[in-house]
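The numbering of the sequence shown is full-length UniProt numbering, which starts it at 1 and goes up by one.
For each residue, glycine too, the CB sits at the ideal point set by N, CA and C.
Working notes, beginning with the structure itself.
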Amino acid sequence: IEDGVYTRLTEPQRPLAAFTPERALLVSSLSKTVAPGLRYGMVLCPPRLAERARAAQHALAQGLPAITIAMGTHLLRSGEAARLAGLQQKECRARNALARETLGAYLTRPHPDSPHLWIELPEPWQREGHAYAFVEAARERGVALAADADFAIAAPPPRAHIRLALGAPESRALLEEGLARIKTLLEDGPLARRDLT
Numbered sequence: 001i002e003d004g005v006y007t008r009l010t011e012p013q014r015p016l017a018a019f020t021p022e023r024a025l026l027v028s029s030l031s032k033t034v035a036p037g038l039r040y041g042m043v044l045c046p047p048r049l050a051e052r053a054r055a056a057q058h059a060l061a062q063g064l065p066a067i068t069i070a071m072g073t074h075l076l077r078s079g080e081a082a083r084l085a086g087l088q089q090k091e092c093r094a095r096n097a098l099a100r101e102t103l104g105a106y107l108t109r110p111h112p113d114s115p116h117l118w119i120e121l122p123e124p125w126q127r128e129g130h131a132y133a134f135v136e137a138a139r140e141r142g143v144a145l146a147a148d149a150d151f152a153i154a155a156p157p158p159r160a161h162i163r164l165a166l167g168a169p170e171s172r173a174l175l176e177e178g179l180a181r182i183k184t185l186l187e188d189g190p191l192a193r194r195d196l197t
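And the structure:
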């Protein structure tokens with residue numbers, strides 16, 4: 001099963017499913033790259049799995065309203081989905097560049113097309129439980145982040161990380177403000193939390 005939800009934000013490349021079409025399923029959506037409120041998912045699968053995929057998709061979506069299906073289909077067929085995804089990609093790259101400029105040394109393998117970045121916490125934020133303390137300290141400063149453990153299937157990685165969603169702020173100016181607050185918190189360490197009380 002290949003997750004293609006964000007592929008519209010990257011340079012075109014062949015999906016892994018193209019190399020094993022008889023065994024692979026490619027799952028995608030318009031909600032992450034075209035229109036956040038448009039819950040329109042797609043599954044590309046081998047013909048032998050088509051009926052099972054259709055049944056699973058119907059069960060998960062509880063049958064999409066006809067207007068949603070019509071909107072999604074129109075966006076795809078008219079080329080508007082590609083145009084909107086291109087605008088998203090351009091904005092994502094600009095925001096990514098702002099984040100790399102402000103937090104470059106703290107970022108873990110940033111990809112210029114990624115709408116999310118991982119920040120490796122420096123010492124002394126590396127102590128157990130401090131990732132959540134960092135998230136809380138950022139929240140107290142008006143910045144929403146997520147700890148790596150929230151995304152871990154098993155144990156979190158040996159070094160604590162924080163996930164930053166670049167698309168959440170309404171504007172680049174708000175993103176810059178949030179990035180500056182994050183950088184200050186990274187540099188000041190856990191003792192900076194005491195300044196708030």
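Can you list, in chain order, the residues of its chain whose CB lies under 6 Å from that of residue i, leaving out five sequence neighbours each side?
i: Arg-100; result: Pro-110
i: Ala-165; result: His-116
i: Thr-33; result: Arg-8, Leu-9, Ala-85, Gln-88
i: Pro-112; result: Arg-93, Asn-96
Work out the CA separation of residue j and residue i for me, nearest whole Å.
i: Arg-127; j: Ile-182; result: 18 Å
i: Arg-159; j: Leu-121; result: 8 Å
i: His-130; j: Glu-170; result: 28 Å
i: Gly-72; j: Gln-57; result: 15 Å
i: Pro-12; j: Pro-190; result: 42 Å
i: Pro-47; j: Val-27; result: 15 Å
i: Ile-153; j: Arg-172; result: 32 Å
i: Ala-180; j: Ala-55; result: 47 Å
Locate the beta strand (DSSP E) running through residue i, then write down its first and last residues.
i: Ala-165; result: 161 to 165
i: residue 199; result: With the chain represented from 1 up to 197, any question about residue 199 goes unanswered, as that position is not in the structure.
i: Ala-27; result: Per the sequence shown, residue 27 should be read as Val rather than Ala. Residues 26 to 29.
i: Gly-41; result: 41 to 44
In three-state terms, what does DSSP make of residue i?
i: Gly-86; result: helix
i: Glu-91; result: helix
i: Glu-2; result: strand
i: Gln-13; result: coil
i: Thr-33; result: coil
i: Pro-47; result: helix
i: Thr-197; result: In this prediction, Thr-197 scores a pLDDT of 46, lower than 50, which makes its location untrustworthy; the coordinate-derived value is nonetheless stated afterwards. In the structure shown, Thr-197 sits in coil (DSSP, three-state: anything other than H, G, I, E or B).
i: Arg-8; result: helix
i: Arg-52; result: helix
Based on the DSSP secondary-structure assignment, which residues constitute the bridge partners of residue i?
i: Trp-118; result: Arg-163
i: Asp-150; result: Asp-150 is not bridged to any residue.
i: Glu-187; result: Per DSSP, none; premise fails for Glu-187.
Using a Cβ-Cβ cutoff of less than 8 Å, which residues in the same chain neighbour residue i once the five nearest sequence positions on both sides are dropped?
i: Ser-82; result: Just to set this straight, residue 82 is Ala in the shown sequence, not Ser. For Ala-82, where only same-chain residues beyond five positions count, the Cβ hits under 8 Å are Arg-8.
i: Ser-29; result: Val-5, Arg-39, Tyr-40, Gly-41, Met-42
i: Leu-49; result: Leu-25
So, at 7 Å on beta carbons, what are the nonlocal neighbours of residue i in its own chain, with the 5 sequence-adjacent residues on each side left out?
i: Gly-37; result: none
i: Leu-196; result: Confidence in Leu-196 is poor, its pLDDT being 48 and thus under 50, which makes the residue's placement unreliable; the coordinate value appears in the next sentence. Cβ within range, chain order: Glu-140.
Determine the extent of the alpha helix (DSSP H) in which residue i is found, giving its start and end residues.
i: Val-109; result: Looking at the sequence provided, one finds Arg at residue 109 rather than Val. Taken as a continuous stretch (DSSP letters only), Arg-109 belongs to no alpha helix (DSSP H), as it is neither H nor E.
i: Ala-137; result: 130 to 140
Given 7 Å as the limit, tell me if residue i has its C-beta closer than that to any heavy atom belonging to the ligand MN.
i: Leu-84; result: Questions concerning the ligand MN fall outside what the structure shown contains, since it holds no ligand whatsoever.
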